[in-house]
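So the sequence shown is residues 7 to 182, counted in the working numbering.
Please read the structure below before turning to the comments.
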Amino acid sequence: VLESALAHGHQVQITYHVPSRDQESRRIVDPRGLARVEDLLYLDAWCHTAGGDRAFRVDRIVAATELDSPVADPGARARDLTGGWFTDAETTTVTLRLAPPARWVVEYYPVTDQRPGPDGTIDVDLEVASEEWVKSLLLRLAPHARLLAPAAYADAFVTAARAALRLYDDDGVDSA
């Protein structure tokens, strides 16, 4: 279905499994190409639902239907993902300690290394291009993840988390 839509310049409706929420989402996408990154195949597309470029792991596409509607920008080219996700960006290695409820991270994001941690946890290394992205991920994983390195990112996350909690305290919202 994806190859046909690419060949004909048609949009695709996909049902995509989102493991971090264990939910399926339905999206309309303009496929731009299929790309292999490491051992996984991705659909590179413009997602109308998200309003931006997205890469969908093909093995997580539960259903796909080629639509009669043409892609919005027929001249758009697929991104070059052959060198990995961050070929044009500087990256930083972060190390996270993940408790069992947060282990989905190793299935969802490309980790460069993983090791057993204490008490059934695992320590994983990820290459990231943004400290803000790490903060967002940690807020989603709380309380099941801890940032071990780099220390500056850990300090920034703690500061951001405390600031968020103060917003609830200052407005009289019960944070319990």
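Note that beta-carbon positions come from the ideal geometry of N, C-alpha and C, so glycine has one too.
Self-check item: Residues near threonine 71 by beta carbon distance below 6 Å, same chain, minus five either side
Solution: As a working mapping, residue 71 is identified with position 65 in the sequence shown. So the list reads Gln19, once near-sequence residues are dropped.
Practice problem: Would you kindly check if the distance between the Cβ of glycine 15 and the Cβ of valine 111 is under 7 Å? | Solution: The sequence position of residue 111 within the sequence shown is 105, counting from 1. The sequence position of residue 15 within the sequence shown is 9, counting from 1. Going by C-beta atoms, valine 111 is not nearer than 7 Å to glycine 15.
Quiz item: Distance, Cα to Cα, valine 164 vs tyrosine 174?
Solution: Taking the first residue of the sequence shown as position 1, residue 164 is located at position 158. Taking the first residue of the sequence shown as position 1, residue 174 is located at position 168. Rounded to the nearest angstrom, the two C-alpha atoms are 16 Å apart.
Self-check item: aspartate 94 - DSSP class collapsed to helix/strand/coil
Solution: As a first step, residue 94 must be located in the sequence shown, where it is residue number 88. Note that aspartate 94 has pLDDT 46, beneath the 50 cutoff, so the model's placement of it is unreliable and the number below is only indicative. Here aspartate 94 sits in coil by DSSP.
Quiz item: Can we say the segment 29-37 touches the segment 47-63, given the rule of at least three CB pairs closer than 8 Å?
Solution: Enough Cβ pairs lie closer than 8 Å, so yes.
Quiz item: Less than 7 Å separating the beta-carbons of leucine 104 and valine 117?
Solution: As a working mapping, residue 104 is identified with position 98 in the sequence shown. As a working mapping, residue 117 is identified with position 111 in the sequence shown. No; because the gap between Cβ atoms is not below 7 Å, this pair is not in contact.
Self-check item: Close Cβ partners of alanine 69 (< 6 Å) along its chain, the five nearest in sequence each way excluded
Solution: As a first step, residue 69 is located in the sequence shown; it is residue number 63 there, counting from the start. Closer than 6 Å at Cβ, skipping near neighbours: Thr21.
Quiz item: Taking only runs of the beta strand (DSSP E) that begin and end inside the segment 102-136, which ones reach a length of at least 3 residues, in chain order?
Solution: You should have 117-122, 128-134.
Quiz item: Taking the alpha-carbon positions, what's the leucine 183 to leucine 147 distance?
Solution: Here the chain has residues from 7 to 182 only, and residue 183 is not among them.
Quiz prompt | Residues sharing a beta bridge with arginine 16, DSSP | solution = Within the sequence shown, the letter at position 10 stands for residue 16. Looking at the sequence provided, one finds histidine at residue 16 rather than arginine. DSSP lists Pro76 as the beta-bridge partner residues of histidine 16.
Quiz item: Which of helix, strand or coil does DSSP assign to threonine 55?
Solution: Here residue 55 refers to the residue found at position 49 of the sequence shown. It is coil, neither helix nor strand.
Quiz item: If you measure from the beta carbon of histidine 23 to each beta carbon in chain D, is any gap under 7 Å?
Solution: Looking for chain D here will not work: only one protein chain is present.
Self-check item: Distance, aspartate 74 Cα to tyrosine 139 Cα
Solution: As a working note, residue 139 is residue 133 in the sequence shown. As a working note, residue 74 is residue 68 in the sequence shown. According to the sequence provided, residue 139 is tryptophan. The question's tyrosine does not apply to it. Spanning the alpha carbons of tryptophan 139 and aspartate 74 requires a straight line of approximately 36 Å.
Quiz prompt | Own chain residues within Cβ distance below 6 Å of leucine 12, not counting five before or after | solution = The count along the sequence shown starts at 1 and reaches residue 12 at position 6. So the list reads Pro37, once near-sequence residues are dropped.
Exercise. Note down the Cα distance separating alanine 158 from alanine 166, rounded to an integer number of angstroms.
Key: If you number the sequence shown from 1, residue 158 lands on position 152. If you number the sequence shown from 1, residue 166 lands on position 160. One C-alpha to the other measures close to 12 Å.
Exercise. Between the Cα of proline 122 and those of Leu102, Tyr115, Tyr114, spot the shortest distance and give me the residue it belongs to.
Key: Position 116 of the sequence shown, counted from the first residue, corresponds to residue 122. The candidate whose alpha carbon is nearest that of proline 122 is Leu102.
Quiz item: How would you write the range of the beta strand (DSSP E) that aspartate 36 sits in, first residue to last?
Solution: Residue 36 sits at position 30 when you count from the first residue of the sequence shown. Per DSSP, aspartate 36 belongs to the beta strand (DSSP E) from 29-43.
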